[in-house]
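S.K.: Handing you this structure, nothing more for now.
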Amino acid sequence: MTSPVVGSAATNAVMFAVYEQTLKMIENDVLQTPTLTSVFLAGAVGGFWQTIPLAPAELIKCRLQVQDGRTSTQYRGPMDCIRHVLKVKGTRGLFLGFTCTQWREVPSFAVYFWLYEYTKRKMIDGGINPTPSMLTAGGVAGVASWVVSYPFDVIKSAIQTLPVNHKPGEHKIAYVMFSLRPARMRPSAAFYRSFALQSNYDHLKAWMTGAPQPLNVAFTKFETLSLEFLHDSNVLHLKLNRPKAVNAMNMHMWVELARAFEMVERDPSVKAVVVSGEGRGFTSGMDLDVFAQMQKIVSEESCEGRKRERLMRVIDQFQRVISAPETCRVPVIAAVHGPCIGAGVDFITACDLCYADESARFAVKEVDLAIIADIGTLQRLPKLVGECHAKELAYTGRNVSGLEAEKLGLVLKALPDHDALMGHVEDVAKVIAKKSPLTIRGIKQTIHYQRDHSTADSLLQIRYHNASVLYSDDLTQAVGAMMKGTESTFRED
1 MTSPVVGSAA
11 TNAVMFAVYE
21 QTLKMIENDV
31 LQTPTLTSVF
41 LAGAVGGFWQ
51 TIPLAPAELI
61 KCRLQVQDGR
71 TSTQYRGPMD
81 CIRHVLKVKG
91 TRGLFLGFTC
101 TQWREVPSFA
111 VYFWLYEYTK
121 RKMIDGGINP
131 TPSMLTAGGV
141 AGVASWVVSY
151 PFDVIKSAIQ
161 TLPVNHKPGE
171 HKIAYVMFSL
181 RPARMRPSAA
191 FYRSFALQSN
201 YDHLKAWMTG
211 APQPLNVAFT
221 KFETLSLEFL
231 HDSNVLHLKL
241 NRPKAVNAMN
251 MHMWVELARA
261 FEMVERDPSV
271 KAVVVSGEGR
281 GFTSGMDLDV
291 FAQMQKIVSE
301 ESCEGRKRER
311 LMRVIDQFQR
321 VISAPETCRV
331 PVIAAVHGPC
341 IGAGVDFITA
351 CDLCYADESA
361 RFAVKEVDLA
371 IIADIGTLQR
381 LPKLVGECHA
391 KELAYTGRNV
401 SGLEAEKLGL
411 VLKALPDHDA
421 LMGHVEDVAK
431 VIAKKSPLTI
441 RGIKQTIHYQ
451 RDHSTADSLL
461 QIRYHNASVL
471 YSDDLTQAVG
481 AMMKGTESTF
491 RED
């Protein structure tokens with residue numbers, strides 16, 4: 001709160017001072033009511049000059065606001081944020097997003113002052129009392145100025161919340177505009193996001209065909225998921241959140257799962273992910289409406305060959321989401337209670353670890369819909385429970401209890417109830433999150449590599465891997481902490 005309060009005082013002082021001085025310079029007679037053209041120009045000049053103190057204040061505000069307050073918070077306050085930016089990027093770093101801030105402020109204040117004066121004068125000339133005239137004029141001008149500035153505000157905030165180690169070129173306005181606007185999405189939908197409700201069909205269609213998707217943690221809002229960090233940790237808790245439908249995986253959930261895991265890939269503060277379900281169960285599987293949406297999108301193609309190719313791309317998108325826990329750079333732990341049906345089994349078999357409680361019920365239900373499971377179960381389940389058990393479950397579609405799942409090896413452990421389940425999973429995740437992220441990534445990559453390769457190939461892989469990363473800062477930190485008898489603290493990547 002300190003940054004916007006102090007920043008507002010400075011920027012408003014500059015803006016109004018420049019506005020008044022500009023009016024005096026334009027208007028020869030200061031006693032006369034200024035023309036609307038002069039008001040417009042003075043507002044634009046005031047907006048231009050206030051950008052100088054405003055850009056750093058906005059940068060600090062945005063970076064502080066996207067923090068979640070857990071112990072791994074990068075900045076302890078405005079001054080700490082300034083010191084960090086100056087150390088890493090120098091003075092220029094404080095003015096990241098400066099040009100876009102000018103694009104926001106100049107037209108915004110030109111429109112604001114012009115429309116305020118125009119509306120106020122019209123109402124007063126019409127015989128309306130000056131006080132309500134000014135109040136109404138201020139409201140109208142405020143809304144209009146935000147309509148003008150909102151797209152630039154979205155782009156500016158996206159630039160200013162980029163990680164310090166962002167890729168070269170990511171701060172460029174053109175790059176951010178492209179990343180915020182997926183293919184076939186109208187500009188109004190991309191740059192007025194959260195300003196008005198937008199149609200989702202084009203967005204779903206773009207995802208199902210593999211088109212680029214928008215990705216920025218500051219603007220990503222979820223309807224079918226909830227994301228929060230576990231208290232005092234770097235563990236992200238991702239909940240499937242359609243409890244009224246027992247978390248049936250509709251198209252929005254598939255899109256949002258893809259986005260969520262992409263966010264995890266780009267957020268170095270996340271060191272482990274726990275996935276669970278809100279309400280009565282983990283998930284009842286694929287929402288049947290998905291099949292209708294798939295048919296609608298596939299039917300738009302002009303011939304049978306293209307329809308089959310489109311269907312293949314759609315299936316590929318589902319497979320990518322199911323594979324996201326497996327390819328994720330951090331361990332993903334599933335916590336299952338209640339039903340875990342169909343696509344739910346696909347998902348948990350791709351997780352690094354899976355626990356359940358005794359209420360859990362698993363089923364490979366695709367066979368009952370005359371469908372061959374095609375997004376992961378038949379590829380991963382045999383490696384967990386053995387080929388014969390996998391065949392029996394896939395052939396019959398029968399229910400498997402939490403205790404039986406533990407015996408089969410589908411889950412590591414079946415806890416007595418949901419509270420015990422979540423307590424155990426959170427403890428495991430927090431232990432993992434305190435380890436070296438570099439080492440955890442290497443362990444995950446090595447185990448996955450050996451699963452699909454010979455022992456000789458796997459030994460060669462780990463030789464090359466350790467030769468490249470063994471002498472890291474994490475090793476120095478771990479050895480030093482062990483010698484001192486203290487707990488290691490590893491930096492975020």
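So the sequence shown is numbered by the working numbering: it starts at 1 and just counts up by one.
The C-beta atom is built at its ideal place from N, Cα and C for all residues, glycine as well.
Since tyrosine 355 contacts histidine 424 with CB under 8 Å, what's their CB separation in whole angstroms?
M.R.: With a Cβ gap of about 6 Å, tyrosine 355 and histidine 424 count as contacting.
S.K.: Which ranges does the beta strand (DSSP E) cover as unbroken runs of at least 3 residues, wholly within the region 404-429, from first to last along the chain?
M.R.: Here the runs fully enclosed are 413-415.
S.K.: By alpha-carbon positions, which one of Thr486, Cys100, Met422 ends up nearest to glutamate 358?
M.R.: Taking only the C-alpha atoms, the option nearest glutamate 358 is Met422.
S.K.: From what residue to what residue does the alpha helix (DSSP H) around isoleucine 333 run?
M.R.: Premise fails: isoleucine 333 lies in the beta strand (DSSP E), 332-336, not in any alpha helix (DSSP H).
S.K.: Would the beta-carbon of phenylalanine 362 fall within 8 Å of that of valine 400?
M.R.: The answer is yes: Cβ separation under 8 Å.
S.K.: Return the residue from the list Gly46, Leu135, Val140 that minimises the CA-CA distance to arginine 104.
M.R.: Out of Gly46, Leu135, Val140, Gly46 has the C-alpha closest to the C-alpha of arginine 104.
S.K.: Since alanine 10 contacts proline 78 with CB under 8 Å, what's their CB separation in whole angstroms?
M.R.: With a Cβ gap of about 13 Å, alanine 10 and proline 78 do not count as contacting.
S.K.: Between the region 302-310 and the region 400-411, do three or more beta carbon pairs fall short of 8 Å?
M.R.: No contact exists between the region 302-310 and the region 400-411.
S.K.: Please tell me whether leucine 41 and isoleucine 60 are closer than 8 Å, where the distance is taken between their beta carbons.
M.R.: No. Outside cutoff.
S.K.: Note down the Cα distance separating methionine 263 from glycine 485, rounded to an integer number of angstroms.
M.R.: If you take the alpha carbons of methionine 263 and glycine 485, they lie about 35 Å apart.
S.K.: Note down, in chain order, each residue of its chain lying with its Cβ closer than 6 Å to the Cβ of cysteine 62, except the 5 sequence neighbours on either side.
M.R.: Around cysteine 62: Ser157, Gln160, Thr161.
S.K.: Identify, in the order they occur along the chain, each residue of the same chain with its Cβ nearer than 6 Å to the Cβ of threonine 37, setting aside the five sequence neighbours on each side.
M.R.: No residues qualify anywhere along the chain.
S.K.: Please return the same chain residues whose Cβ sits closer than 7 Å to the Cβ of leucine 512, not counting the five positions on each side in sequence.
M.R.: The chain is shown only over 1 to 493; residue 512 falls outside these bounds and no answer can be derived.
S.K.: Are the beta-carbon atoms of arginine 398 and glycine 338 separated by less than 8 Å?
M.R.: Going by C-beta atoms, arginine 398 is not nearer than 8 Å to glycine 338.
S.K.: Beta-carbon within less than 7 Å of arginine 329's beta-carbon, same chain only, minus the 5 sequence neighbours each way: which residues are those?
M.R.: Excluding positions up to five away in sequence, the list reads Glu265, Arg441.
S.K.: Please report the Cβ distance between threonine 101 and alanine 137, rounded to the nearest whole angstrom; I am assuming they are in contact, meaning their Cβ atoms lie under 8 Å.
M.R.: Going by Cβ atoms, the distance from threonine 101 to alanine 137 rounds to 26 Å, so no, they are not a contact pair.
S.K.: Check whether the Cβ atoms of glycine 480 and lysine 365 sit closer than 8 Å, and answer yes or no.
M.R.: The answer is no: Cβ separation not under 8 Å.
S.K.: Could you tell me whether the Cβ atoms of cysteine 340 and phenylalanine 282 are closer together than 8 Å?
M.R.: Contact flag set, yes.
S.K.: To the nearest whole angstrom, what separates the beta carbons of isoleucine 528 and alanine 272, a pair I think is in contact under 8 Å?
M.R.: Outside the displayed span of the chain (1 to 493) sits residue 528, for which this structure offers no information.
S.K.: Can you tell me the Cα-Cα spacing of alanine 292 and leucine 227, whole angstroms?
M.R.: Going by the C-alpha atoms only, they are around 28 Å apart.
S.K.: If I'm right that threonine 446 touches glutamine 461 with Cβ under 8 Å, what's the distance once you round it to whole angstroms?
M.R.: Threonine 446 to glutamine 461, Cβ: 7 Å. Contact.
S.K.: Restricting to Cα atoms, I'd like to know which of Val336, Phe113, Ala433 is closest to asparagine 247.
M.R.: Cα-wise, what sits closest to asparagine 247 is Val336.
S.K.: So glutamate 426 packs on leucine 236, CB below 8 Å; how close in whole Å?
M.R.: Going by Cβ atoms, the distance from glutamate 426 to leucine 236 rounds to 12 Å, so no, they are not a contact pair.
S.K.: Three-state secondary structure (DSSP) at valine 235?
M.R.: Reduced to three states, the DSSP call for valine 235 is strand.
S.K.: Helix or strand or just coil, what does DSSP make of tyrosine 118?
M.R.: Here tyrosine 118 sits in helix by DSSP.
S.K.: Going by DSSP in three states, arginine 361 sits in which element: helix, strand or coil?
M.R.: Of the three classes helix, strand and coil, the one that applies to arginine 361 here is strand, per DSSP.
S.K.: Out of Gly344, Gly409, Val143, which one is the CA nearest neighbour of threonine 377?
M.R.: Ranking the options by Cα distance to threonine 377, first place goes to Gly344.
S.K.: What residue range is occupied by the uninterrupted alpha helix (DSSP H) comprising proline 382?
M.R.: Its alpha helix (DSSP H) spans residues 377-385.
S.K.: Hey, alanine 44 and phenylalanine 109 are a contact pair by Cβ (cut 8 Å); roughly how many whole angstroms apart?
M.R.: Confirmed, about 7 Å.
S.K.: Checking 8 Å against the spacing of the C-beta atoms, do valine 106 and serine 145 come in under that value?
M.R.: No, they are not a contact pair.
S.K.: Alpha carbons only, please: which of Gln450, Asp474, Asp473 is nearest the one belonging to arginine 463?
M.R.: Nearest option by C-alpha distance: Gln450.
S.K.: Contact between the region 79-89 and the region 115-128 is defined here as three or more beta-carbon pairs at a separation below 8 Å; is this criterion met?
M.R.: No, they do not touch.
S.K.: Looking at the strands, I want to know which residues DSSP matches up with glutamate 256.
M.R.: None, per the DSSP bridge assignment.
S.K.: Any chance you could list the beta strand (DSSP E) runs of at least 3 consecutive residues sitting entirely within the region 77-112, in chain order?
M.R.: Complete beta strand (DSSP E) runs here, min 3: none at all.
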